[in-house]
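Engineer: First residue of the sequence shown? That's 48 in the numbering used here, and the numbers climb one at a time after it.
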Amino acid sequence: MMKYAAPLAGVIVLAACAPVVEPRTPVAAVEPAVEIAGESRTCVNASSIRSTSVRGDGVIDFTLTGGDVYRNALGGGCPALRRNDAISYDVRGGSLCQGEIVYRLDTYGNRLSRGAGCGLGEFVPVEYVDQVSDGPTIMGE
Numbered sequence: 048m049m050k051y052a053a054p055l056a057g058v059i060v061l062a063a064c065a066p067v068v069e070p071r072t073p074v075a076a077v078e079p080a081v082e083i084a085g086e087s088r089t090c091v092n093a094s095s096i097r098s099t100s101v102r103g104d105g106v107i108d109f110t111l112t113g114g115d116v117y118r119n120a121l122g123g124g125c126p127a128l129r130r131n132d133a134i135s136y137d138v139r140g141g142s143l144c145q146g147e148i149v150y151r152l153d154t155y156g157n158r159l160s161r162g163a164g165c166g167l168g169e170f171v172p173v174e175y176v177d178q179v180s181d182g183p184t185i186m187g188e
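Written out as structure tokens, the structure reads:
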């Protein structure tokens, strides 16, 4: 048993030194503009996901039942995933969590097929920033 302790300790030390994959794009730097609205989460309840919006540059907004929005900057970015691409993912245990894979959906004829896959990052709660109105400026406002 002891003869395995030293090699195992070496593996543990190497694993602890492995780099953490950070998103290429800061969560708030992608359009539409957002403000961070709380602490990030590692998982969201999959049955609460009402819609997804791929924002490009490896960023996906997940809108939940009730209107809460969580922005996810995929770990290491995801150059294969472009704005408005369709995605798919597998749900295990009722939650969608950091590190799980989302896939771009490709169309071949009349069939959908999974394309490139990328790992999810943290789910950051956000609120969309109101855009400047194109309407006329009213004096006194």
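Even for Gly, the Cβ is constructed at its ideal location relative to N, Cα and C. All values reported here derive from a predicted model rather than from experimental measurement.
Quick one, which of LEU167, ASP153, GLY113 has its alpha-carbon nearest ARG161's?
Structural biologist: ASP153
Engineer: Using alpha carbons as the reference points, say which of GLU147, PRO126, ARG88 lies closest to SER135.
Structural biologist: GLU147
Engineer: Could you give the DSSP three-state label for ARG139: helix, strand or coil?
Structural biologist: strand
Engineer: Kindly list the residues whose CB is nearer than 6 Å to the CB of CYS125, restricted to its own chain and excluding five residues on each side of it in sequence; keep chain order.
Structural biologist: The residues are GLY105, CYS165.
Engineer: Going along the chain, which residues of its own chain have a beta-carbon closer than 7 Å to the beta-carbon of ARG151, five neighbours each way excluded?
Structural biologist: ALA127, LEU128, ASP132, ILE134, GLY162, ALA163
Engineer: Using only alpha-carbon positions, find the residue among PRO79, PHE109, PRO172, ASP115 that is nearest to LEU143.
Structural biologist: When only C-alpha atoms are compared, the closest one is PHE109.
Engineer: Can you tell me which of GLU169, VAL176, VAL173 puts its alpha carbon nearest to the alpha carbon of GLY123?
Structural biologist: Residue GLU169 is the option with its Cα nearest to GLY123.
Engineer: Give the list of continuous alpha helix (DSSP H) stretches no shorter than 4 residues that lie fully inside the stretch 118-174.
Structural biologist: none
Engineer: Which one or two residues does DSSP pair with SER98 in a beta bridge?
Structural biologist: THR110
Engineer: What did DSSP end up calling ASP177 once you bin it into helix, strand or coil?
Structural biologist: coil
Engineer: Under 7 Å Cβ to Cβ from SER98, same chain only, skipping five residues before and after it: list those, please.
Structural biologist: THR110
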